[in-house]
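Down below is the structure, laid out as structure tokens.
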Amino acid sequence: MQAGKYEVVIIGAGVAGMTAALYLKRSGVNCLIIEGDTPGGQVVKTSIISNYPGFKSITGAELATKMLMQLKALEVEILYEKVINIKLDHDMKVVVLDDGQEILSNKIVIATGRKPRKLNLPNEERFTGHGISYCATCDGALFKDEEVVVVGGGDSALEEAIYLSSICQKVTIIHRSESFRAKSYLQDDLQYIKNIEIIKNANIVEFLISDEKFAGVRINRHHETENIKASACFVFIGYIPESNAFDDLGIIDEEGYITTNDEMETNIKGIYAIGDIRKKSVYQIVTATNDGAVAAINILKNIS
Ligand code: NAP
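Numbering of the sequence shown is given in my numbering, commencing with residue 48 and proceeding in unit increments.
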């Protein structure tokens with residue numbers, strides 16, 4: 048079934064996709080955003096953002112909501128469905144949805160982002176949402192005044208550990224390496240927070256379950272194991288790009304990211320990729336919005 052024809056279809060309503068839609072719609076382009084989950088993407092799951100210009104401090108959910116409201120005021124069309132494939136039909140692109148619908152578009156902007164990487168340990172799936180979490184903003188309050196563990200050593204792990212330390216009695220960061228990848232200002236901030244403990248060179252080898260409840264983690268450090276009791280484990284160990292739907296287009300690299308030129312166009316004319324799904328060196332909210340603006344402006348140049 049074919050449902051609609053657009054000048055541009057944007058796949059993903061994260062901050063990159065929403066920025067592209069903002070620029071396109073304001074220029075009168077007939078565009079549609081298709082979102083398979085929650086608008087805002089990973090930003091919604093970020094507790095406090097303090098490096099987005101214009102906001103000294105804002106929650107991710109609030110920033111995403113402001114962007115969404117801006118699009119709603121412009122009457123940008125948003126369809127909540129999952130995209131499973133893109134078919135090429137001469138100059139036309141066909142976006143295939145998992146309910147069988149097919150949407151025609153002249154151009155496509157892929158903005159599907161990345162999802163959190165899992166530890167892939169036994170019980171991880173079963174206790175997700177019941178002690179194991181990938182989102183401190185969503186689940187942190189459930190563990191108020193309790194002891195929790197954070198896994199990882201990047202910006203996400205340290206930012207979210209700092210956020211959790213304001214809610215929980217104690218936060219233990221478990222990091223597999225000797226040094227953190229996180230920005231130095233985050234590492235500096237950690238030193239002043241008394242209820243954060245750091246355990247380096249340690250791997251989580253097991254989730255501890257007691258009486259069918261999450262009870263902590265077992266770690267391996269210098270060939271010795273130790274149990275750490277905790278009410279929850281927050282996992283921040285990087286991301287996996289959401290590019291499965293585009294596997295057969297020949298635009299994905301060996302890590303699953305989409306490569307583009309400086310104009311955000313892939314090696315297929317009329318297909319663009321922006322935000323965290325794109326292969327690049329800096330993954331920030333500002334670089335995602337940058338990608339959205341660059342793609343939209345280049346699309347506008349090609350349309351006019
Ligand atoms: P990341 O920078 O890729 O760091 C992932 C961390 O997880 C690393 O410390 C890594 O350890 C560890 N790790 C990976 N696989 C693991 C495994 N299987 N078991 C245990 N530990 C594992 O991820 P991120 O912190 O989510 O950040 C992703 C990107 O988003 C970065 O570019 C970051 O700058 C950006 N970001 C920016 C902000 C901000 O500016 N406000 C906030 C969040 C994220 P090793 O170091 O040992 O490899």
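The beta carbon of each residue, even a glycine, is placed where N, CA and C say it ideally should be.
| request: Report the option in E253, K241, G200 whose CA atom is closest to the CA atom of R228. | output: Here the question's residue 228 lines up with position 181 in the sequence shown. Measuring from the Cα of R228, the nearest candidate turns out to be G200.
| field | Boundaries (first-last residue) of the alpha helix (DSSP H) holding L19 | value | Outside the shown range of the chain (48 to 351) lies residue 19, about which nothing can therefore be said.
| What is the rounded straight-line gap between the Cα of I133 and the Cα of E122? | Here residue 133 corresponds to residue number 86 of the sequence shown, with the count starting at 1. Here residue 122 corresponds to residue number 75 of the sequence shown, with the count starting at 1. In a straight line, the C-alpha of I133 is about 25 Å away from that of E122.
| request: Note down, in chain order, each residue of its chain lying with its Cβ closer than 8 Å to the Cβ of E225, except the 5 sequence neighbours on either side. | output: Position 178 of the sequence shown holds residue 225. Correct list, in chain order: K247, N248.
| field | Through-space distance from V130 to M48, alpha-carbon basis | value | As a working note, residue 48 is residue 1 in the sequence shown. As a working note, residue 130 is residue 83 in the sequence shown. The predicted model places M48 with a pLDDT of 48, which falls under 50 and marks its position as unreliable; any figure quoted below should be read in that light. In a straight line, the C-alpha of M48 is about 14 Å away from that of V130.
| task | Reducing DSSP to helix, strand and coil, say where D186 ends up. | result | Sequence index remark: in the sequence shown, residue 186 carries index 139 (1-based). Looking at D186 - three-state DSSP - the assignment turns out to be helix.
| Is there at least one non-hydrogen atom of the ligand NAP closer than 7 Å to the beta-carbon of V198? | Taking the first residue of the sequence shown as 1, we reach residue 198 at position 151. Yes, since a heavy atom of the ligand NAP falls inside the 7 Å radius drawn around the Cβ of V198.
| Between the region 68-82 and the region 98-110, are three or more C-beta pairs nearer than 8 Å? | no
| query | Would you say I346 and I157 are within 8 Å of each other, going by their C-beta atoms? | reply | Walking along the sequence shown from the start, residue 346 turns up at place 299. Walking along the sequence shown from the start, residue 157 turns up at place 110. No, these two residues do not count as a Cβ contact at 8 Å.
| When the Cα atoms are used, what is the spatial distance from H270 to I221? | Position 223 of the sequence shown, counted from the first residue, corresponds to residue 270. Position 174 of the sequence shown, counted from the first residue, corresponds to residue 221. Approximately 15 Å, taken between the alpha carbons.
| field | Buried/exposed call for S278, threshold 16 Cβ in 10 Å | value | Here residue 278 refers to the residue found at position 231 of the sequence shown. When all chains shown are included, S278 counts as buried.
| query | So, using beta-carbon positions, are K326 and I298 closer together than 8 Å? | reply | Here residue 326 corresponds to residue number 279 of the sequence shown, with the count starting at 1. Here residue 298 corresponds to residue number 251 of the sequence shown, with the count starting at 1. Not a contact, by the Cβ cut-off of 8 Å.
| task | Note the first and the last residue of the continuous alpha helix (DSSP H) segment covering D236. | result | Here residue 236 is taken as the residue at index 189 of the sequence shown, counted from 1. Going by DSSP, D236 is part of the alpha helix (DSSP H) stretching over 231-238.
| Where are the beta strand (DSSP E) runs, 3 residues long or more, that stay fully inside the region 149-182, in chain order? | 149-157, 161-163
| Length of the line joining the Cα atoms of S290 and R73 | On the sequence shown, residue 290 is found 243 positions in, with the first residue counted as 1. On the sequence shown, residue 73 is found 26 positions in, with the first residue counted as 1. Going by the C-alpha atoms only, they are around 28 Å apart.
| query | What did DSSP end up calling I298 once you bin it into helix, strand or coil? | reply | The residue you call residue 298 lines up with position 251 of the sequence shown. Looking at I298 - three-state DSSP - the assignment turns out to be coil, as it is neither helix nor strand.
| Can you find a heavy atom of the ligand GDP that lies under 7 Å from the Cβ of N98? | Questions concerning the ligand GDP fall outside what the structure shown contains, since the ligands it does hold are the ligand NAP.
| query | Ends of the beta strand (DSSP E) at D338? | reply | Counting from 1 along the sequence shown, the entry for residue 338 is found at position 291. Looking at the DSSP string, D338 is not in any beta strand (DSSP E); the run it does join, the alpha helix (DSSP H), is 332-350.
| request: Express the C-alpha separation of D202 and T272 in angstroms, rounding to a whole number. | output: What you label residue 272 is simply residue 225 of the sequence shown in a count that begins at 1. What you label residue 202 is simply residue 155 of the sequence shown in a count that begins at 1. So the alpha carbons of these two residues sit roughly 27 Å apart.
| said: For G322 and D338, what's the separation of their Cα atoms in angstroms? | reply: The sequence position of residue 322 within the sequence shown is 275, counting from 1. The sequence position of residue 338 within the sequence shown is 291, counting from 1. Answer to the nearest angstrom: the Cα atoms are 6 Å apart.
| With distances taken between CB atoms, is the gap from A204 to F254 smaller than 8 Å? | By 1-based counting over the sequence shown, the position of residue 204 is 157. By 1-based counting over the sequence shown, the position of residue 254 is 207. No, they are not a contact pair.
| said: Alpha carbons only, please: which of T159, T66, D138, H137 is nearest the one belonging to I287? | reply: Here residue 287 is taken as the residue at index 240 of the sequence shown, counted from 1. Out of T159, T66, D138, H137, T159 has the C-alpha closest to the C-alpha of I287.
| query | Can you tell me the Cα-Cα spacing of S104 and L115, whole angstroms? | reply | The residue labelled residue 104 in the question sits at position 57 within the sequence shown. The residue labelled residue 115 in the question sits at position 68 within the sequence shown. C-alpha separation (whole angstroms): 19 Å.
| said: Taking the alpha helix (DSSP H) that K129 belongs to, which residues open and close that run? | reply: Translated into the one-based positions of the sequence shown, residue 129 becomes position 82. In the DSSP assignment, K129 falls outside any alpha helix (DSSP H) and carries neither an H nor an E.
| message | Suppose only complete runs of 3+ residues qualify. What are the beta strand (DSSP E) ranges in the region 298-330, listed by chain order? | response | 318-320
| query | Are the CB atoms of V142 and V56 nearer to each other than 8 Å? | reply | Numbered from 1 along the sequence shown, position 95 holds the residue referred to as residue 142. Numbered from 1 along the sequence shown, position 9 holds the residue referred to as residue 56. V142 is a Cβ neighbour of V56, given a cutoff of 8 Å.
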